[in-house]
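Visitor: Take this structure, written in structure tokens, and hold onto it; I'll ask about it next.
There are 2 protein chains.
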Amino acid sequence: MPVKDVIAAQPSLAPESDNGWDRLLEEISHRPKRATERKQDRSKRTEQQILTGALRVFARDGISRSRIADIAAEAGISASTLYEYYKSKEDLAYDLPLAHLAEFFEGYHIAAATKGTTREKLLLYLVMSADYAREHAEWARLFYLEIWPSVFVTDTDLHHSINDFTRVLLFLVNEAIEEGWISRERNPYETVALLTGGINQLIITWLLYRKPKNLTKSGTEMAERLISVLEIEARAAG
Amino acid sequence: MPVKDVIAAQPSLAPESDNGWDRLLEEISHRPKRATERKQDRSKRTEQQILTGALRVFARDGISRSRIADIAAEAGISASTLYEYYKSKEDLAYDLPLAHLAEFFEGYHIAAATKGTTREKLLLYLVMSADYAREHAEWARLFYLEIWPSVFVTDTDLHHSINDFTRVLLFLVNEAIEEGWISRERNPYETVALLTGGINQLIITWLLYRKPKNLTKSGTEMAERLISVLEIEARAAG
DNA sequence: GGAATATTTCGAAGAAATTTCGGTTTGAGT
DNA sequence: ACTCAAACCGAAATTTCTTCGAAATATTCC
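Chains as they are written, first to last, in the working numbering: chain Z, 1 to 238; chain X, 1 to 238.
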């Protein structure tokens, strides 16, 4: 497993670990987006219009109820033209989140650079996840409610990006264990599940019911609580 | 309240709080399943065969890729007959989890009766959730990966049953707050999100990757950890 | 600038799946 | 055995997805 190697490759001397961190973030914010590049400018515009329209329609109707014709209309093209860009509706749906994920990772990479400690980085990650969902609600609806849990995402580019989301957390959790403020007794994967689960559940509830009203505030609260709870746990155990 | 009293208490003589508990569990394990009752025996058998076949096909192919024809074939009937039972594929998919959910709640109701403390009840609930998913993996695949997160479950019978899942947790969390071992400082809904999220994330990961290998064991570990962490938090705060 | 070439677009036809409909079969009650 | 509603099915209609060949638009090269 690449993550373990990256993490293992650092004794007590510092620079190596930052290197691993940067390489991880670098890698995940630059996953190749599409195999085929569009040649003409008009085509690039069309591609963008498809993505925008599709996001709109998917978020409104859900993937399975959405009709290609509606998406095409929203993008101002004919349905058959859409097939020049994506080989099926499913293909389009699974490609859609990639750009946003990359954007999120990139934004996080920059923001995290100002944070010195692992704890701050972890907190930022959780808080930014919730906040990104709030800022891009249509995308989040598609991503958290339809795509993330989907069985069929395995063996796609998207699958890697979703795993990246976990990899970052795992990196930070392992570092925290190293630093001694997350319990060594606990399986790191379990800790990651706890963190991811807590934040995601909050996001999902917000997407479905717009409750809690202020997702940024609740996300921050939840994130701080999760981390502090892990700290207390480690102290109680150690 | 003393553990002995609770254990000794019979349902008919139960104190006020147990009454609320029993009524809640009673209510949620007896939500009306279908509006229309089938008249003939053969029809009841057919209905059962449709449900079994649909579960099989949905779990294998996912809802959107599943074909009515396949489900009908699996049930040994023609596609058009299926429409005598369900008005659409979606309708069928949303009806499917109901019976299992009721079964789970019923099983939990019985098992919880042997548990005296709120803490034990809560632990049991989380553990049983994970274990029920393991025992009914096809159902769980459909429920956790496709239906629960779906935007379109709102305004359906299923929606109530899903909410019930949270209501039980909320009841127990509030009781725990009353008893003083979950922090009063924290929003109960947030605590519920933390608990649900942690367990669900574990279940989802298992459904997708069969990791952790032993879901019962990991579920128990996670459940114990979640609860103990909340206890420590409350002690640290109080 | 204009012919040659490549890319992009679209309407119409083809495929695939869902859903409806009319009529036949089956079974419960008498 | 007869009656009638319930259950069932094949065929057709409908809806939506997808393919294809030709037309339109952009780019390249002389």
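C-beta atoms are modelled at their ideal positions from N, C-alpha and C, and glycine is treated no differently.
This one's a predicted model, so the numbers in the text were calculated from it and none came from an experiment.
Give the interface partners of Val229 (chain X) over in chain Z, defined as CB-CB distance under 8 Å, in chain order.
Guide: The answer, in chain order, is Val229, Leu230, Ile232 and Glu233.
Visitor: Step through the CB atoms of chain Z and report whether any lies within less than 8 Å of the CB of Glu27 (chain X).
Guide: No, its Cβ sits nowhere closer than 8 Å to a Cβ of chain Z.
Visitor: Determine the DSSP secondary structure at Asp164 (chain Z), reduced to helix, strand or coil.
Guide: In the structure shown, Asp164 (chain Z) sits in a helix (DSSP, three-state: H, G or I).
Visitor: Rounded to whole angstroms, what is the Cα-Cα separation between Arg38 (chain Z) and Leu215 (chain Z)?
Guide: Answer to the nearest angstrom: the Cα atoms are 38 Å apart.
Visitor: In this structure, does DSSP put Arg67 (chain X) in helix, strand or coil?
Guide: It is coil, neither helix nor strand.
Visitor: Please list the segments of the alpha helix (DSSP H) lying wholly inside the stretch 106-185 of chain X, counting only runs of 4 or more residues, in order along the chain.
Guide: Fully enclosed alpha helix (DSSP H) runs of 4 or longer: 118-135, 137-142 and 157-179.
Visitor: At what residues does the alpha helix (DSSP H) containing Gly198 (chain X) begin and finish?
Guide: Taken as a continuous stretch (DSSP letters only), the alpha helix (DSSP H) holding Gly198 (chain X) covers Pro188 to Tyr209.
Visitor: Roughly how many whole angstroms lie between the Cα atoms of Ala99 (chain X) and Gly53 (chain X)?
Guide: Near 15 Å, if we compare the C-alpha coordinates of Gly53 (chain X) and Ala99 (chain X).
Visitor: Quick one: which chain X residues come within Cβ less than 8 Å of Leu126 (chain Z)?
Guide: The premise fails here: Leu126 (chain Z) is roughly 12 Å from chain X at the closest Cβ pair, so nothing lies under 8 Å.
Visitor: Compare the C-beta of Ile7 (chain X) against all C-beta atoms of chain Z and say whether one is closer than 8 Å.
Guide: With a pLDDT of only 39 at Ile7 (chain X), under the threshold of 50, the placement of this residue in the model should not be trusted; the figure read from the coordinates follows. No, Ile7 (chain X) lies away from the interface with chain Z (no Cβ there is under 8 Å from its Cβ).
Visitor: Using DSSP with H/G/I as helix, E/B as strand and the rest coil, what is Tyr83 (chain X)?
Guide: Helix.
Visitor: Quick one: list the residues of chain X neighbouring Leu194 (chain Z), beta-carbon separation under 9 Å, in chain order.
Guide: Those are Leu194, Gly197, Gly198, Gln201, Leu202, Met222, Arg225, Leu226 and Val229, listed as they occur along chain X.
Visitor: Is Ala176 (chain X) closer than 8 Å to Arg119 (chain X) when the C-beta atoms are compared?
Guide: A contact, by the Cβ cut-off of 8 Å.
Visitor: Quick one: using the 10 Å Cβ neighbour count with 16 as the cut-off for buried, is Ala71 (chain Z) buried or exposed?
Guide: Reading off the sequence, residue 71 (chain Z) comes out as Ile, not Ala. Classification for Ile71 (chain Z): buried.
Visitor: Nearest to Ala130 (chain Z) by alpha carbon, out of Z:Arg235, Z:Met222, Z:Leu96 and Z:Ser228?
Guide: Selected option, being the one with the closest Cα: Z:Met222.
Visitor: Hey, quick one: how far does the alpha helix (DSSP H) through Gly219 (chain Z) stretch, first residue to last?
Guide: Its alpha helix (DSSP H) spans residues Leu215 to Ala237.
Visitor: In its own chain, which residues sit with a C-beta less than 6 Å from the C-beta of Ile28 (chain Z), not counting the 5 before and 5 after it?
Guide: Closer than 6 Å at the Cβ level, and outside the excluded window around Ile28 (chain Z), lie Phe105 and Asp164.
Visitor: Buried or exposed for Ile63 (chain Z), please, with buried defined as at least 16 other CB atoms from any protein chain shown within 10 angstroms of its CB.
Guide: Its Cβ being crowded by 16 or more others within 10 Å, Ile63 (chain Z) is buried.
Visitor: Once you ignore the five residues that flank Leu142 (chain X) on each side, which residues in its own chain have a CB closer than 8 Å to its CB?
Guide: Taken in chain order, the residues that qualify are Leu55, Phe58, Ala59, Ile63, Ala93, Leu96 and Pro97.
Visitor: How about Ser150 (chain Z): is its C-beta nearer than 8 Å to some C-beta of chain X?
Guide: So, interface residue.
Visitor: Measuring only between beta-carbons, confirm whether Ala236 (chain X) sits less than 8 Å from chain Z.
Guide: Output row for Ala236 (chain X): interface = yes.
Visitor: What residues from the stretch 108-120 of chain X come within 8 Å of chain Z, judged by C-beta to C-beta, listed N to C?
Guide: Listed by position, the residues of the stretch 108-120 of chain X near chain Z (Cβ gap below 8 Å) amount to none.
Visitor: Leaving out five residues on either side along the sequence, give the residues of the same chain with a beta carbon under 8 Å from the beta carbon of Pro2 (chain X).
Guide: Residue confidence for Pro2 (chain X) is low, a pLDDT of 45 falling below 50, so the modelled location carries little weight; the figure read from the coordinates is stated next. None.
Visitor: Against chain Z, with Cβ distances strictly below 8 Å, would Glu103 (chain X) count as a contact?
Guide: For Glu103 (chain X), the answer is no, since every Cβ of chain Z falls outside 8 Å of its Cβ.
Visitor: Under 8 Å between C-beta atoms, does Arg38 (chain X) make it to chain Z?
Guide: So no, Arg38 (chain X) is outside the interface.
Visitor: Hey, could you find the ends of the alpha helix (DSSP H) Ser43 (chain X) is sitting in?
Guide: Looking at the DSSP string, the run of the alpha helix (DSSP H) that includes Ser43 (chain X) is Asp41 to Asp61.
Visitor: Since Thr46 (chain Z) and Ala75 (chain Z) are thought to touch, with beta carbons under 8 Å apart, how far apart are those beta carbons, to the nearest angstrom?
Guide: With 8 Å as the limit, Thr46 (chain Z) and Ala75 (chain Z) qualify as a contact, their Cβ atoms being about 7 Å apart.
Visitor: Run through DSSP, which three-state label would Glu37 (chain Z) get?
Guide: Residue state, collapsed to three classes: coil.
Visitor: Whole angstroms is fine: what's the gap from Ile199 (chain X)'s alpha carbon to Arg210 (chain X)'s?
Guide: For Ile199 (chain X) and Arg210 (chain X), the distance between alpha carbons rounds to 15 Å.
Visitor: Buried or exposed for Ile203 (chain X), going by 16 or more other Cβ atoms inside 10 Å?
Guide: That one is buried.
Visitor: Could you tell me the alpha carbon to alpha carbon distance between Ile227 (chain X) and Leu123 (chain X), rounded to whole angstroms?
Guide: Their backbone Cα atoms lie some 7 Å apart in a straight line.
Visitor: Closest to Gly219 (chain X) by CA distance: which of X:Arg167, X:Leu126 and X:Tyr83 is it?
Guide: Measuring from the Cα of Gly219 (chain X), the nearest candidate turns out to be X:Leu126.
Visitor: Which word fits Ala237 (chain Z), buried or exposed, when buried means at least 16 other C-beta atoms lie within 10 angstroms of its C-beta?
Guide: Label assigned to Ala237 (chain Z): exposed.
Visitor: Rank X:Leu195, X:Pro212 and X:Gly197 by C-alpha distance to the C-alpha of Tyr189 (chain Z) and give the top, closest one.
Guide: The shortest C-alpha separation from Tyr189 (chain Z) is found at X:Pro212.
Visitor: Given that Arg56 (chain X) touches chain Z, what residues does it touch there, using C-beta distances under 8 Å?
Guide: Here the premise fails: no neighbours, minimum Cβ distance about 14 Å.
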